[in-house]
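Below you'll find the structure, written out as structure tokens, and then a few comments.
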Amino acid sequence: MIDIDKTAIIESCLLKTANRIQEIQAAIDGANDAIVNDTKSSMGDKYETSREMAQQELSRLQQQLNQALQDQEILTNLPDQASSVVGLGSLVITNQFNYLLASSIGPVKLGEHTVMVVSKQSPIGALLFGKGISDEITFQGKSIKILAIQ
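In structure tokens form, the structure reads like this:
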């Protein structure tokens, strides 16, 4: 049986998310500076267009920051206990790939193993959610069998 350290996967996800939050915050700070500096040096229609574009960028970055903070919250509050059915926080070992149902983080490599960290709302997460050991699902035309749940 494949032995994957679920705690180490979650810690890696938290680190990735913290780095993402820092990067987004730095971009927000830069966008705010650009708005302030543009306000001081521009006039007329060009100023309005430039300011609107900067405001849209700021809004987009704020949405990304909110999503990253939500991801961090989900990861921090994942249940520890194992279950016989796939739920939030489950590490699912299959005959095709390994999944952690948490938030949409993407692939996380830990040693020789890669775990795809997905939300329960993702297509694969929705299919796995509520399934048990030995259950099978079909995803993208492939049959996937659940071998273990941690």
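Here the working numbering is used: the first residue of the sequence shown is 1242, the next is one more, and so on.
Note that the Cβ used here is the ideal one computed from N, Cα and C, for glycine as well.
{"Query": "Straight-line gap, Val1326 to Asp1244 (C-alpha atoms, nearest Å)", "Result": "18 Å"}
{"Query": "Beta-carbon contacts of Asp1376 that lie in its chain and below 6 Å, excluding the five residues immediately before and after", "Result": "Ile1387"}
{"Query": "Gly1271 - DSSP class collapsed to helix/strand/coil", "Result": "helix"}
{"Query": "Buried versus exposed, by CB contacts within 10 Å (16 or more), Ala1267", "Result": "exposed"}
{"Query": "Cβ neighbour criterion (16 or more within 10 Å) applied to Ser1384", "Result": "exposed"}
{"Query": "The region 1326-1339 touching the region 1303-1313, judged by at least three CB pairs closer than 8 Å", "Result": "no"}
{"Query": "Per-residue DSSP class, three states only, for Pro1348", "Result": "strand"}
{"Query": "C-alpha distance - Ser1345 paired with Ala1275, whole-angstrom precision", "Result": "31 Å"}
{"Query": "Cβ neighbours of Asp1246 in the same chain (closer than 7 Å, five flanking residues each side left out)", "Result": "Leu1351"}
{"Query": "Contacts around Ile1334, its chain only, beta-carbon distance under 8 Å, and the 5 residues preceding and following it disregarded", "Result": "Met1242, Ile1243, Ile1245, Ile1387, Leu1388, Ala1389, Ile1390, Gln1391"}
{"Query": "Cutoff 6 Å; reference Ser1331; Cβ partners in own chain excluding five residues on either side", "Result": "Leu1342, Ile1390"}
{"Query": "Cβ contact (3+ pairs, closer than 8 Å) linking the region 1252-1272 and the region 1287-1301", "Result": "yes"}
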